[in-house]
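A.B. asks:
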Amino acid sequence: MIEGYLYIFPLLVFILIPFAYAISFIVAIHLGHSKFEYPFLSRSLSDSPESCIYSQIINFTSFILIITIYIRYRQIAELIRNHPTCGKKYSQLNLIFLICGMITAFSMSIISNFPHPNVFFVRISATYITFIVGVGTLYCEMILSYWIRPLLYSSRILPFIRMMLSIICTLILITFIIFQTITIVKYDNKEKLWTLTSPGWKYHLSSVLSTWILTSCLLIYILTLIIDFRRIKIISPKIFLTNDIIDDQMNDRLSLST
Numbered sequence: 001m002i003e004g005y006l007y008i009f010p011l012l013v014f015i016l017i018p019f020a021y022a023i024s025f026i027v028a029i030h031l032g033h034s035k036f037e038y039p040f041l042s043r044s045l046s047d048s049p050e051s052c053i054y055s056q057i058i059n060f061t062s063f064i065l066i067i068t069i070y071i072r073y074r075q076i077a078e079l080i081r082n083h084p085t086c087g088k089k090y091s092q093l094n095l096i097f098l099i100c101g102m103i104t105a106f107s108m109s110i111i112s113n114f115p116h117p118n119v120f121f122v123r124i125s126a127t128y129i130t131f132i133v134g135v136g137t138l139y140c141e142m143i144l145s146y147w148i149r150p151l152l153y154s155s156r157i158l159p160f161i162r163m164m165l166s167i168i169c170t171l172i173l174i175t176f177i178i179f180q181t182i183t184i185v186k187y188d189n190k191e192k193l194w195t196l197t198s199p200g201w202k203y204h205l206s207s208v209l210s211t212w213i214l215t216s217c218l219l220i221y222i223l224t225l226i227i228d229f230r231r232i233k234i235i236s237p238k239i240f241l242t243n244d245i246i247d248d249q250m251n252d253r254l255s256l257s258t
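Note that the sequence shown covers residues 1 to 258 in the UniProt record's numbering.
1. What does a CB cutoff of less than 6 Å around I172 pick up in its chain, not counting 5 residues either side in sequence?
2. Please list, in chain order, all residues of the same chain as I143 whose beta carbon is under 7 Å from its beta carbon, the five residues on each side excluded.
3. Buried or exposed for Q56, going by 16 or more other Cβ atoms inside 10 Å?
4. For the alpha helix (DSSP H) containing V133, name the first residue and the last one.
5. So I168 packs on C100, CB below 8 Å; how close in whole Å?
6. Of the choices P150, T137, I177 and W147, whose alpha-carbon is the least far from that of L165?
7. Can you tell me which of the three DSSP states L98 falls into?
8. According to DSSP, is I172 helix, strand or coil?
9. Quick check: what's the CA-CA separation for A105 versus R162?
10. Decide yes or no for the touch test of the segment 47 to 54 against the segment 75 to 83: beta carbon pairs closer than 8 Å, at least 3 of them.
11. Using the three-state DSSP reduction, which class does L196 fall into: helix, strand or coil?
12. Rounded to whole angstroms, what is the Cα-Cα separation between I110 and V122?
13. Rank Y73, R231, L158 and L65 by C-alpha distance to the C-alpha of F14 and give the top, closest one.
14. Less than 6 Å between C-beta atoms, sequence neighbours within five positions excluded: which residues of the same chain meet that for T175?
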């Protein structure tokens, strides 16, 4: 039963994304599509079959991320419902958190499904959306975490960690946007296979490192949700057959008539 083990969802997101990169890169090296010396230069996102493996794992992870975001949204909504004095601002912020989280998960799936150079604009646009909206999702969740802290845990450590992760993600995001934009506009990295002697190598390297650091911080933030998810559980929905519903309605009418 998954009812009391909801922390599995953020844990799976934390594990599957690095696993997708690792397994696709290993396959790329085995088939000679990439060099081990430069793992960040791997073309495993555009070559088959590793691109197919990567896409399948990321698509599944995106679905798990959507479930994670929705569970967190419902948890906050339930706390708001039980504390009506908190006002509408938290409900609105919680809704923004849900929408931004869904957009992030969907755009992450787009990145994995449009790996080829001929759809470079789609992939790079989805990358920008994933990181920008993803960081916005962190800020929404961080503010909500500070509000619910007295309701779930007495320590200030967890909200503080989330705040620091949000700030770090913001700084790294700015770095990524600057260097990635330079490599696109000035050095045309649409179909480029980068090497140490390539013009603009330093900008490319900086954008790639920013991507890895930003992704790592986002995953660590998601991992912290395990603590909150251990405090909640869901109850499986009841399923009624149509005939059973009709019979119950008839029995209710008969009981009222008597």
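We treat Cβ as the ideally placed atom computed from N, Cα and C, and that holds for glycine.
C.D. replies: A quick look at the data gives this:
1. What you label residue 172 is simply residue 172 of the sequence shown in a count that begins at 1. S210, I213 and L214.
2. Translated into the one-based positions of the sequence shown, residue 143 becomes position 143. L93, listed in sequence order.
3. Counting from 1 along the sequence shown, the entry for residue 56 is found at position 56. That one is exposed.
4. Start at 1 with the first residue of the sequence shown, and residue 133 comes out as number 133. It spans F120 to L152 - the alpha helix (DSSP H) in which V133 sits, taken as one unbroken run.
5. By one-based count along the sequence shown, residue 168 stands at place 168. By one-based count along the sequence shown, residue 100 stands at place 100. So it is not a contact: roughly 18 Å between Cβ atoms.
6. Residue numbering aside, residue 165 sits at position 165 when the sequence shown is read from its first letter. Out of P150, T137, I177 and W147, T137 has the C-alpha closest to the C-alpha of L165.
7. Position 98 of the sequence shown, counted from the first residue, corresponds to residue 98. Correct three-state label for L98: helix.
8. Stepping through the sequence shown from its first residue, residue 172 is reached at position 172. The answer is helix: DSSP assigns I172 an H, G or I state.
9. Looking up residue 105 in the sequence shown gives position 105. Looking up residue 162 in the sequence shown gives position 162. Approximately 20 Å between the Cα atoms of the pair.
10. no
11. For the purposes of this step, residue 196 is taken as residue 196 along the sequence shown, with counting starting at 1. Reduced to three states, the DSSP call for L196 is coil.
12. Locating residue 110 in the sequence shown gives position 110, where the first residue counts as 1. Locating residue 122 in the sequence shown gives position 122, where the first residue counts as 1. When rounded, the distance between both Cα atoms is 8 Å.
13. Taking the sequence shown and counting its residues from 1, one reaches residue 14 at position 14. When only C-alpha atoms are compared, the closest one is L65.
14. Indexing the sequence shown from 1 puts residue 175 at position 175. These residues qualify, in order along the chain: S210.
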